[in-house]
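Number of protein chains: 2
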Amino acid sequence: MVLSRTSQYAIQALIYIATQAPGEPVLNRDIAERLNVPAAYLAKILQNLCKHGLLDSFRGRLGGFCLREGMQKSSLMLVLQLTEGPDFTKNCILGLKECSDETACPMHFKWKPVKNRIIAMLNAMTLEELAKAVLTGKYRLADLPGSALAA
Amino acid sequence: MVLSRTSQYAIQALIYIATQAPGEPVLNRDIAERLNVPAAYLAKILQNLCKHGLLDSFRGRLGGFCLREGMQKSSLMLVLQLTEGPDFTKNCILGLKECSDETACPMHFKWKPVKNRIIAMLNAMTLEELAKAVLTGKYRLADLPGSALAA
DNA sequence: TATAATTCGGACAAAAAACTCTTTAAGGAG
DNA sequence: CTCCTTAAAGAGTTTTTTGTCCGAATTATA
Numbered sequence: 200m201v202l203s204r205t206s207q208y209a210i211q212a213l214i215y216i217a218t219q220a221p222g223e224p225v226l227n228r229d230i231a232e233r234l235n236v237p238a239a240y241l242a243k244i245l246q247n248l249c250k251h252g253l254l255d256s257f258r259g260r261l262g263g264f265c266l267r268e269g270m271q272k273s274s275l276m277l278v279l280q281l282t283e284g285p286d287f288t289k290n291c292i293l294g295l296k297e298c299s300d301e302t303a304c305p306m307h308f309k310w311k312p313v314k315n316r317i318i319a320m321l322n323a324m325t326l327e328e329l330a331k332a333v334l335t336g337k338y339r340l341a342d343l344p345g346s347a348l349a350a
Numbered sequence: 200m201v202l203s204r205t206s207q208y209a210i211q212a213l214i215y216i217a218t219q220a221p222g223e224p225v226l227n228r229d230i231a232e233r234l235n236v237p238a239a240y241l242a243k244i245l246q247n248l249c250k251h252g253l254l255d256s257f258r259g260r261l262g263g264f265c266l267r268e269g270m271q272k273s274s275l276m277l278v279l280q281l282t283e284g285p286d287f288t289k290n291c292i293l294g295l296k297e298c299s300d301e302t303a304c305p306m307h308f309k310w311k312p313v314k315n316r317i318i319a320m321l322n323a324m325t326l327e328e329l330a331k332a333v334l335t336g337k338y339r340l341a342d343l344p345g346s347a348l349a350a
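Chains A and U, in that order, are what the protein sequence lines are.
Heads up: the first sequence begins at 200 in the numbering used here, then just goes up one per residue.
Heads up: the second sequence begins at 200 in the numbering used here, then just goes up one per residue.
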């Protein structure tokens with residue numbers, strides 16, 4: 200039902216970067232502060248996104264991270280394939296190594312259409328779109344600093 | 200996208216028990232062997248399901264586990280609420296502590312209908328039904344012993 | 001060139017999840 | 001009552017995930 204923390208941080212960070220002026224590097228420290236996530240851990244995640252070509256990074260003064268040209272259009276599916284592994288949509292919900300239309304687990308045919316909707320949703324959502332939504336002010340990218348609720 | 204191993208084992212075990220004669224205790228050892236799952240770990244999971252009233256357990260000779268009276272009708276949602284925690288459907292996909300229609304993350308309104316379909320599916324699937332499906336022989340509850348594929 | 005600011009890389013640490021081991025309690029059968 | 005079989009309980013281990021730390025490399029600016 201949930202994504203790994205790594206994936207959540209990655210998506211949040213990418214959306215945040217996408218809300219900023221393109222080409223202007225954003226500091227890891229600023230992203231971490233804004234999202235209220237551990238900076239050193241986030242740095243690792245951003246490094247990984249760089250290696251996979253979603254982000255560009257710049258060292259030294261005026262350094263930081265920004266979306267690679269054209270990557271505003273990338274889908275959440277693409278992001279999650281990087282953070283969760285290339286076939287995170289292909290795994291059987293019961294964990295069977297082999298589970299397909301031919302050799303199916305008892306949940307397979309009920310799960311399949313639902314999974315397909317999830318996939319369609321992830322393919323449809325782009326960083327650009329999500330960033331625009333955030334910029335309207337109607338959506339929240341992180342918890343308010345003061346909220347200390349249960350996880 | 201996936202369930203915890205604990206949840207997967209729990210569902211598999213419950214379906215397996217549901218395929219057996221009701222009232223006849225099934226040995227943990229037999230379930231573990233059938234599902235190809237670590238027996239000691241499975242025992243913990245079954246214990247937990249007992250504590251929550253889904254299973255009855257019997258010690259000593261002729262002991263084992265069987266579904267509590269009426270629990271053939273229980274839904275996967277019920278099972279997962281026990282294994283994943285009572286509000287595993289209520290968590291924000293981005294991990295925000297507060298995320299509702301009023302205070303939404305940018306994915307909230309896209310995710311909500313999809314999540315609702317997942318919930319509906321989980322509510323609709325019962326152990327009885329799944330057990331029947333398995334008994335037709337068309338579905339597989341565990342991997343074949345010989346299959347050594349990538350996870 | 002010196003300095004400060006930043007990412008990079010690797011090792012390390014802590015927490016959570018998955019899994020094991022050992023002992024105890026309970027129940028059925030001889 | 002004794003023996004065997006089973007689950008219960010709890011401590012311990014391993015693996016994975018999450019998170020920290022520090023030194024080195026890189027870059028703009030004074």
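Even for Gly, the Cβ is constructed at its ideal location relative to N, Cα and C.
List the residues that DSSP assigns as beta-bridge partners of residue i.
i	result
residue 225 of chain U	U:264
residue 256 of chain A	A:264
residue 274 of chain A	A:325
residue 303 of chain A	U:338
Thinking C-alpha only, which one of the options is nearest residue i?
i	options	result
residue 233 of chain U	U:327, U:213 and U:223	U:213
residue 205 of chain U	U:322, U:237, U:244 and U:272	U:244
residue 279 of chain A	A:257, A:247 and A:223	A:247
residue 320 of chain A	U:291, U:308 and U:223	U:308
residue 270 of chain A	A:333, A:303 and A:255	A:255
residue 305 of chain U	U:264, U:227, U:250 and U:291	U:291
residue 207 of chain U	U:293, U:240, U:311 and U:220	U:240
residue 298 of chain U	A:342, A:200, A:287 and A:201	A:342
residue 252 of chain U	U:235, U:227 and U:282	U:282
residue 266 of chain A	A:238, A:223 and A:201	A:223
residue 263 of chain U	U:220, U:272, U:200 and U:235	U:220
residue 228 of chain U	U:217, U:242 and U:218	U:242
residue 289 of chain U	U:268, U:315 and U:275	U:315
residue 259 of chain U	U:318, U:300, U:231 and U:226	U:226
residue 334 of chain A	A:326, A:218 and A:284	A:218
residue 141 of chain A	A:340, A:274 and A:238	Outside the shown range of chain A, which is 200 to 350, sits residue 141 of chain A, and nothing can be said about it.
residue 201 of chain A	A:287, A:277, A:344 and A:336	A:287
residue 210 of chain U	U:268, U:261, U:276 and U:250	U:276
residue 303 of chain U	A:312, A:313 and A:332	A:332
residue 301 of chain U	A:336, A:301 and A:249	A:336
residue 203 of chain A	U:294, U:231, U:268 and U:257	U:294
residue 216 of chain U	U:326, U:318 and U:313	U:326
residue 235 of chain U	A:330, A:268 and A:296	A:296
residue 313 of chain A	U:328, U:310, U:317 and U:311	U:317
residue 268 of chain A	A:340, A:249, A:311 and A:344	A:249
residue 272 of chain U	U:329, U:340 and U:344	U:329
For residue i, return the contacting residues in chain A, with the cut-off set at a CB-CB distance below 8 Å.
i	result
residue 304 of chain U	338, 339 and 340
residue 333 of chain U	305
residue 329 of chain U	305 and 306
Name, please, each residue of chain U whose Cβ falls closer than 8 Å to the Cβ of residue i.
i	result
residue 295 of chain A	339, 341 and 342
Whose Cβ in chain U lies nearer than 7 Å to the Cβ of residue i?
i	result
residue 313 of chain A	316, 317 and 320
residue 309 of chain A	320 and 324
residue 207 of chain A	293 and 294
residue 228 of chain A	Here the premise fails: no neighbours, minimum Cβ distance about 20 Å.
Can you list the residues of chain A that residue i reaches, using a CB-CB cut of under 7 Å?
i	result
residue 211 of chain U	293
residue 214 of chain U	305
Taking Cβ-Cβ distances shorter than 9 Å, what residues in chain U pair up with residue i?
i	result
residue 287 of chain A	200 and 201
residue 258 of chain A	Per Cβ cutoff of 9 Å: no residues; residue 258 of chain A is ~29 Å from chain U at best.
residue 233 of chain A	Simply none; closest approach about 13 Å.
residue 204 of chain A	294
Can residue i be considered in contact with the ligand MN, in the sense that its beta carbon sits closer than 7 Å to one or more heavy atoms?
i	result
residue 299 of chain A	No copy of the ligand MN occurs in the structure displayed, which carries no ligand at all.
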